[in-house]
Amino acid sequence: MKTIFDHRSIRKYQSTPISEELLSKILDAGTRASTTGNMQLYSVVVTRDEANKSKLAPLHFNQPMVKEAPVLLTICADLNRFNRWCELRNADAGYDNFLWILNAFIDASLFAQNICLAAESEGLGICYLGTALYNAPEISQALGLPKGVIPVTAITVGYPDHNPPLTDRLPLDAVVHYESYNANTDERVNKLFAEKEALESSAKFVVENNKENLAQVFTDVRYKKADNIYFSEKLTTFLKEQGFEI
């Protein structure tokens, strides 16, 4: 519980390497996560080599920690391995559809979170990189991913070189619904987001981006509709190229 409640994203790392023994222990912990039908529909590509991290860095929008962290993990949804096993056993695999994309994404996400908890419990810091989905085709090519394998997220791992404050979260009432879903009325939404909007950091974001409120920072600056459509179409095309029917 302490590891969970102390979590923060680490974006600055010491140069101290992670031992092979510790890394293997952390990755092994990842495999103990829950998984669809015990099929383990995930894989991870470990990148330590400086040259290879430099090749991947632009695909993660050149975020400095990609090259700075001693280890970069690319977590993939992987149906290739299970499909190949089925083929070799004369079993007719029907796992090339949208349902199984979601199942594999869930498996990969659970695997990734176990890795992060294990890493943090050993004194390491981590940071999720959502950019793996944004540039999935290019990352796939760089890592030699075969059909049926999709990069879901990347994680930087290393010994922290800073101690950032905990990130704010919405109140528990925002995400917990008992028995049935609570309608998001105007009053409820205003109440749930009031604390986040009142933060000094939120006010700073609004001023820096010359916006009227925090919501506009998200819609007009951080995650713009035009970008969302572009990357969605790019990802959809890639999924089809990887052999999925969607």
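In our numbering, the protein residues as written are 99 to 344.
Built from N, CA and C at the ideal position, the CB exists for glycine as well.
Quick caveat: nothing in here was measured; it's all calculated off a predicted structure.
State the start and end residues of the unbroken alpha helix (DSSP H) segment that holds residue i.
{"i": "Ser122", "result": "Glu118 to Gly128"}
{"i": "Ala131", "result": "Here Ala131 belongs to no alpha helix (DSSP H), and DSSP marks it neither H nor E."}
{"i": "Ser152", "result": "Glu148 to Leu154"}
{"i": "Lys100", "result": "Lys100 to Phe103"}
{"i": "Glu166", "result": "Met163 to Glu166"}
In whole angstroms, what is the alpha-carbon distance linking residue i and residue j?
{"i": "Ala149", "j": "Asn288", "result": "48 Å"}
{"i": "Pro269", "j": "Leu290", "result": "7 Å"}
{"i": "Met99", "j": "Cys225", "result": "19 Å"}
{"i": "Asn233", "j": "Thr317", "result": "20 Å"}
{"i": "Gln112", "j": "Lys165", "result": "12 Å"}
{"i": "Leu154", "j": "Ala131", "result": "27 Å"}
{"i": "Ser122", "j": "Val142", "result": "12 Å"}
{"i": "Asn307", "j": "Ala191", "result": "50 Å"}
{"i": "Cys214", "j": "Asn188", "result": "37 Å"}
{"i": "Arg285", "j": "Glu185", "result": "Sequence inspection shows Glu at residue 285; the Arg mentioned does not correspond to that position. Each residue's Cα considered, the two are about 55 Å apart."}
{"i": "Glu343", "j": "Phe196", "result": "7 Å"}
{"i": "Pro168", "j": "Lys151", "result": "9 Å"}
{"i": "Thr283", "j": "Asp104", "result": "32 Å"}
{"i": "Leu231", "j": "Leu333", "result": "7 Å"}
{"i": "Thr335", "j": "Ala210", "result": "25 Å"}
{"i": "Val247", "j": "Ala296", "result": "42 Å"}
{"i": "Leu243", "j": "Gly223", "result": "27 Å"}
So, under 8 Å CB-CB, residue i and residue j are touching, yes? Tell me the CB distance rounded to an integer number of Å.
{"i": "Glu172", "j": "Thr145", "result": "Looking at the sequence provided, one finds Thr at residue 172 rather than Glu. Correct: roughly 7 Å between the Cβ atoms."}
{"i": "Lys294", "j": "Asp266", "result": "6 Å"}
{"i": "Ala240", "j": "Leu157", "result": "7 Å"}
{"i": "Leu139", "j": "Asp194", "result": "Wrong, their Cβ atoms sit about 12 Å apart, outside the cutoff."}
{"i": "Thr101", "j": "Leu208", "result": "Their Cβ separation, rounded to whole angstroms, is 16 Å, which puts Thr101 and Leu208 out of contact at 8 Å."}
{"i": "Ala175", "j": "Ala217", "result": "At roughly 21 Å, the Cβ-Cβ gap does not stay under 8 Å, so Ala175 and Ala217 are not in contact."}
I need the boundaries of the beta strand (DSSP E) containing residue i, first residue and last residue.
{"i": "Asp176", "result": "Val169 to Asp176"}
{"i": "Val144", "result": "Tyr140 to Thr145"}
{"i": "Tyr328", "result": "Run containing Tyr328: none in the beta strand (DSSP E); it sits in the alpha helix (DSSP H), Lys323 to Glu339."}
* Report yes or no: do the region 255 to 271 and the region 102 to 109 share at least 3 C-beta pairs separated by less than 8 Å? => Contact holds: three or more Cβ-Cβ distances are below 8 Å.
* Would you call the region 234 to 254 and the region 271 to 286 in contact, with 3 or more CB pairs under 8 Å? -> They do not touch, by the three-pair rule.
* Asked: Hey, which unbroken runs of the alpha helix (DSSP H) at 4 residues or more fall wholly within the region 289 to 319?
  -> The qualifying runs are 298 to 306 and 312 to 315.
* In chain order, which alpha helix (DSSP H) runs of at least 4 residues are fully inside the region 260 to 291? -> Runs of the alpha helix (DSSP H) inside the region 260 to 291: 270 to 273.
* To do: Starting from the N-terminal side, write out each stretch of the alpha helix (DSSP H) that is 4 residues or longer and does not extend beyond the region 205 to 261.
  => Note on the region 205 to 261: whole alpha helix (DSSP H) runs with a minimum of 4 residues are 229 to 232 and 234 to 241, in chain order.
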